Amino acid sequence: MDNRRQGIHGSFPLLAVAAALLAGLPLVGVLAAGHDLRPYLHLPPLPPNVDQPPFSWPVFLGLTALLAIVLLPPARRLAHALRHTPLPPPASSFPGWGWAGVGLTATAWLLAWNRYSWFAPWQAYTFFPLWLGFILTVNGLCQWRHGSCLLGKDPSLFGRLFLYSIPFWWFFEYLNRFVGNWRYVGVEDFSPLGYALHASLCFATVLPAVASVADLLAGFTSLWRPLTGQRALPLHRRSGVLILAPACLGLLLIGRYPAYAFPLLWIAPGLVFLGLQLLAGQPSALAPLARGDYRPVVLWPLAALTCGFFWEMWNARSLAHWEYAVPFVDRFHLFYMPLIGYAGYLPFGVECLVAVNLARQA
């Protein structure tokens, strides 16, 4: 109990400082641009009022080349490992509650993608049951393949993730007010309170979904063994300043130059938390790097990308859904998302890792 209290008390000041930076710095950027703050504080969110630059072939090709240089080598190594690593047999039978998750997912999917007249009053509310079913299904797969799952190993953490996930995603919604990269359609009839409650319920599923997929992937231990025993990358307290300073600058730029700084939305928040943790001397989510263990920075981006595919797929034909307006690269879509936009799920996975680490410490 003492350790638990220490974790809560130690995390609270850090969370408060991080929240102040995440909320305040973009507003400072808006003030620096000479704009009114009120549209950024409205609930439900007002339609984004950002003048988005048009598609640019040089930017698109440049980003594509950069992503290819960064991602193709590890993707080839992963493909090689998949071909040459035999999978162990399932550790147990598929649990009954996992089948319940499969049934819930299938039912919610059917209802989300159709327009039955009898279901019309509830048509906008399919997101939460769909993703609750997904989370149960993934945990069932993990129990079947590996003999344990996040839900069974640490039900307290599993439950806390639903709570932590709400403010976690609300911060991304808040930052999107500055860059206007996505907007929601089919939610116009919600009152401010109804919107906040329903959105919070949906946002509660983000961290449990990504964490459950990461747990499923991590269970294939032999597949990820080459990521251990690598060159150590120690992160010291002084590293916190080197991480926190550019992260804070990025948040300022999101408010000042949203059409150009929008990618920082997926990078700066996690760096703020990481920098503050290092400055406070707290264990960080990237501590395994100091032991030469790079599994977290591979598993969690892959988990977020996996969830991202399902988020975008199920979103595509749902009544209440989101649509994108991404500067310079808004072409060649898979569902509503520009293909190159899926790269944003990779740093988002590290953001999820940082948030789950905070929940675990609490």
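In this text, residue positions in the sequence shown follow our numbering: the first is 4, and each later residue adds one. Every residue gets a Cβ at the ideal spot worked out from N, C-alpha and C, and that includes glycine. Being a predicted model, the structure only gives us computed values, none of them experimental.
F15 classed as buried or exposed, judged by whether at least 16 other C-beta atoms fall within 10 angstroms: Numbered from 1 along the sequence shown, position 12 holds the residue referred to as residue 15. Exposed.
Given 8 Å, three or more beta-carbon pairs between the region 145-160 and the region 182-196: no
DSSP bridge partner residues for H324 (one or two, in chain order): Translated into the one-based positions of the sequence shown, residue 324 becomes position 321. DSSP, once it has assigned bridges, lists V188 as partnering H324.
Taking DSSP's pairing of strands, which residues face M316 in a bridge? Taking the sequence shown and counting its residues from 1, the one referred to as residue 316 is at position 313. According to DSSP, which records beta bridges pairwise, M316 is partnered with nothing at all.
From what residue to what residue does the alpha helix (DSSP H) around H38 run? In the sequence shown, residue 38 corresponds to position 35, counting from 1. Note, H38: premise wrong, no alpha helix (DSSP H); not H, not E.
Top-ranked residue by Cα proximity to F161, from L139, R259 and L75: Position 158 of the sequence shown, counted from the first residue, corresponds to residue 161. Answer by Cα proximity: L139.
Between the alpha carbons of L69 and A346, how many angstroms are there, rounded? Here the question's residue 69 lines up with position 66 in the sequence shown. Here the question's residue 346 lines up with position 343 in the sequence shown. Spanning the two alpha carbons is a distance of roughly 11 Å.
P158 to F338 span [Cα, whole Å]: Residue numbering aside, residue 158 sits at position 155 when the sequence shown is read from its first letter. Residue numbering aside, residue 338 sits at position 335 when the sequence shown is read from its first letter. So the alpha carbons of these two residues sit roughly 34 Å apart.
Thinking C-beta only, is V182 closer than 8 Å to A21? One-based indexing of the sequence shown puts residue 21 at position 18. One-based indexing of the sequence shown puts residue 182 at position 179. No; because the gap between Cβ atoms is not below 8 Å, this pair is not in contact.
If you draw a straight line from the alpha carbon of E354 to that of A271, how long is it in whole angstroms? In the sequence shown, the residue the question calls residue 354 occupies position 351. In the sequence shown, the residue the question calls residue 271 occupies position 268. Distance between the alpha carbons of E354 and A271 is about 9 Å.
On a CA-only basis, which of Q233, A262 and L90 is nearest P291? Give me that one, please. Reading the sequence shown from its first residue, position 288 is the one you call residue 291. Among Q233, A262 and L90, the Cα nearest to that of P291 belongs to Q233.
Is P195 buried or exposed, if buried means 16 or more other CB atoms sit within 10 Å of its CB? Here the question's residue 195 lines up with position 192 in the sequence shown. Label assigned to P195: exposed.
Can you give me the Cβ contacts of G101 inside the same chain, cut-off strictly under 8 Å, excluding the 5 residues immediately before and after it? As a first step, residue 101 must be located in the sequence shown, where it is residue number 98. Cβ within range, chain order: L139, T140, N142, G143, L144, Q146 and W147.
Just checking my contact of S360 with A288 at CB under 8 Å: how many whole Å lie between their CB atoms? Residue mapping note: residue 360 aligns to position 357 of the sequence shown, counting from 1. Residue mapping note: residue 288 aligns to position 285 of the sequence shown, counting from 1. According to the sequence as given, residue 360 is Asn; it is not Ser. With 8 Å as the limit, N360 and A288 qualify as a contact, their Cβ atoms being about 4 Å apart.
Near A35, what residues of its chain come up, given a Cβ to Cβ distance below 7 Å and the 5 sequence neighbours on each side ignored? Residue 35 sits at position 32 when you count from the first residue of the sequence shown. Counting only Cβ-Cβ distances below 7 Å, and skipping sequence neighbours, we find R259.
Taking 7 Å as the limit between beta carbons, can you name the residues of its chain near D218, skipping five residues before and five after? In the sequence shown, residue 218 corresponds to position 215, counting from 1. Hits under 7 Å: C145, C152 and L153.
Who are the Cβ neighbours of P93 in its own chain at under 7 Å, not counting the five residues just before and after it? Sequence index remark: in the sequence shown, residue 93 carries index 90 (1-based). If we look at P93 and ignore the five residues flanking it on each side, its Cβ neighbours are W147 and R148.
Starting from the Cα of Q364, find the closest Cα among V332, Y327, W325 and Q280 and give me that residue. On the sequence shown, residue 364 is found 361 positions in, with the first residue counted as 1. Of the listed residues, the one whose Cα sits closest to Q364 is Q280.
Mapping the DSSP letters down to three states, classify H149 as helix, strand or coil. For the purposes of this step, residue 149 is identified with residue 146 of the sequence shown, where counting begins at 1. It is helical.
Taking one C-beta from the region 99-114 and one from the region 69-81 each time, how about it: are there three or more such pairs within less than 8 Å? no
According to DSSP, simplified to helix, strand and coil, what is L337? Position 334 of the sequence shown, counted from the start, is the residue given in the question as residue 337. Three-state result, L337: strand.
Among G27, F331, G32 and L230, which residue has its Cα nearest to the Cα of V301? Here the question's residue 301 lines up with position 298 in the sequence shown. V301 has its Cα closest to that of L230, out of G27, F331, G32 and L230.
In chain order, what residues of the same chain lie with their CB nearer than 8 Å to the CB of L40, ignoring the 5 residues before and after it? Taking the first residue of the sequence shown as position 1, residue 40 is located at position 37. For L40, where only same-chain residues beyond five positions count, the Cβ hits under 8 Å are L30, V33 and L34.
Report all residues from its chain with a CB closer than 7 Å to the CB of S225; omit the five preceding and five following residues, and keep chain order. Position 222 of the sequence shown, counted from the first residue, corresponds to residue 225. Excluding residues within five positions, the ones whose Cβ falls inside 7 Å are T88.
Stretch pair the region 209-216 + the region 304-318: three plus CB contacts closer than 8 Å: yes
Contact set for R7: own chain, Cβ-Cβ below 6 Å, skip 5 residues either direction: For the purposes of this step, residue 7 is identified with residue 4 of the sequence shown, where counting begins at 1. At R7 the pLDDT is 48, less than 50, meaning the model places this residue with poor confidence; the figure from the coordinates comes in the next sentence. So no residue of the chain qualifies.
Can you tell which of A323, W185, A202 and Q285 has its C-alpha closest to the C-alpha of F171? As a first step, residue 171 is located in the sequence shown; it is residue number 168 there, counting from the start. For F171, the nearest C-alpha among the options comes from A202.
Closer than 6 Å by C-beta to A207: which residues in its own chain qualify, once you throw out the five before and the five after it? Chain order, please. Position 204 of the sequence shown holds residue 207. Cβ within range, chain order: F165, S168 and I169.
Please give the ranges of any alpha helix (DSSP H) in the region 170-219, keeping only runs that are unbroken, at least 4 residues long and fully inside the region. 195-206
So, V62 versus P261, is the Cβ gap smaller than 8 Å? One-based indexing of the sequence shown puts residue 62 at position 59. One-based indexing of the sequence shown puts residue 261 at position 258. Their beta carbons are not under 8 Å apart, which means V62 does not touch P261 by this criterion.
Excluding the 5 residues flanking V216 on each side, which residues of the same chain have their C-beta closer than 7 Å to its C-beta? Taking the first residue of the sequence shown as 1, we reach residue 216 at position 213. Cβ within range, chain order: V141, A306, T309 and C310.
Buried or exposed for F335, going by 16 or more other Cβ atoms inside 10 Å? Locating residue 335 in the sequence shown gives position 332, where the first residue counts as 1. F335 should be labelled exposed.
Grab the span of the alpha helix (DSSP H) containing W116 for me, first residue to last. To locate residue 116, count along the sequence shown from 1; it is residue 113. Premise fails: W116 is in no alpha helix (DSSP H) and is neither H nor E.
With a cut-off of 8 Å on the beta carbons, I'd call A323 and Y198 a contact; round off their distance for me. As a working note, residue 323 is residue 320 in the sequence shown. As a working note, residue 198 is residue 195 in the sequence shown. Rounded, the Cβ-Cβ distance is 11 Å, inconsistent with contact.
According to DSSP, is A103 helix, strand or coil? Working through the sequence shown from its first residue, we reach residue 103 at position 100. A103: helix per DSSP, three-state reduction.
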